[in-house]
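Shown next, in structure tokens, is the structure this report addresses.
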Amino acid sequence: MDHQKEHFERLVQILGHNFAYLDTSQTGCGKTFTTMKIGKASKLKLFVICPKSVCSVWNIECRKYGVDLVETITYEKLRGTKKQLKVCDGYINRNHNHFRASDKFTALCGKKILLVFDEVHRVKNRATATLA
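Set out below in structure tokens:
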């Protein structure tokens, strides 16, 4: 679609000068597909943090379009529990309420990934378990 092509080109331009962008496009505008195309065009593997309800969508679509996907992790898994010292399959280390990237995650970032926070607005809702 033409609007997706223009949007993709704009995001590539933004990433040429910045390390991040926040896509606030409306639902149904193709953010998932645009993100996958950016990953593929930039030869970056995707690391997606998202609600449980869309994890399978990322897995299926990345496989369908040949996009390298390192991991999909839910916001709940990212937050972890009070008893966990290693959170998210060892990607994050936790000491009480202090979190830091693990050596595993730091090494992964050194290989260049596209870190995607899908539906990030959900982390601000005090009524959910995903509150940051």
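To convert, note that position 31 of the sequence shown is 30 in the numbering used here; the numbers rise steadily by one, no gaps. We put the CB at the ideal spot given by N, CA and C, even for glycine.
Using the three-state DSSP reduction, which class does residue i fall into: helix, strand or coil?
i: Asn17; result: coil
i: Thr33; result: helix
i: Val69; result: strand
i: Lys136; result: In the structure as shown, the chain begins at 0 and stops at 131. Residue 136 is therefore absent and cannot be evaluated.
i: His120; result: helix
i: Gln3; result: helix
i: Thr26; result: coil
Spatial neighbours of residue i within its chain, please: CB distance less than 7 Å, with the 5 preceding and 5 following residues excluded, ordered by chain position.
i: Ile13; result: Tyr20
i: Tyr74; result: Ile48, Pro50, Arg121, Val122, Thr129
My guess is that residue i and residue j are in contact by the Cβ rule of under 8 Å, so how many angstroms apart are they, rounded?
i: Thr31; j: Val56; result: 7 Å
i: Leu113; j: Ile37; result: 7 Å
i: Cys28; j: Glu118; result: Between Glu118 and Cys28 the Cβ distance is about 14 Å, and since that is not below 8 Å, they are no contact.
i: Phe46; j: Val115; result: 7 Å
i: Leu68; j: Lys111; result: Incorrect: roughly 14 Å between the Cβ atoms, too far for contact.
i: Gly89; j: Ser101; result: 6 Å
If I measure Cβ to Cβ from residue i and keep anything under 8 Å in the same chain, skipping five residues before and after, which residues do I get?
i: Glu60; result: Thr31, Phe32, Met35, Val66
i: Ile91; result: Leu77, Gly79, Lys85, Phe98, Arg99, Ala100, Ser101, Phe104
Spell out the partners DSSP gives residue i in its beta bridges.
i: Cys49; result: Thr73
i: Leu113; result: Leu45
Quick one: residues in its chain with C-beta nearer than 6 Å to the C-beta of residue i, no 5 flanking neighbours on either side, listed in chain order?
i: Ser41; result: none
i: Ser24; result: Lys30
i: Glu70; result: Phe46
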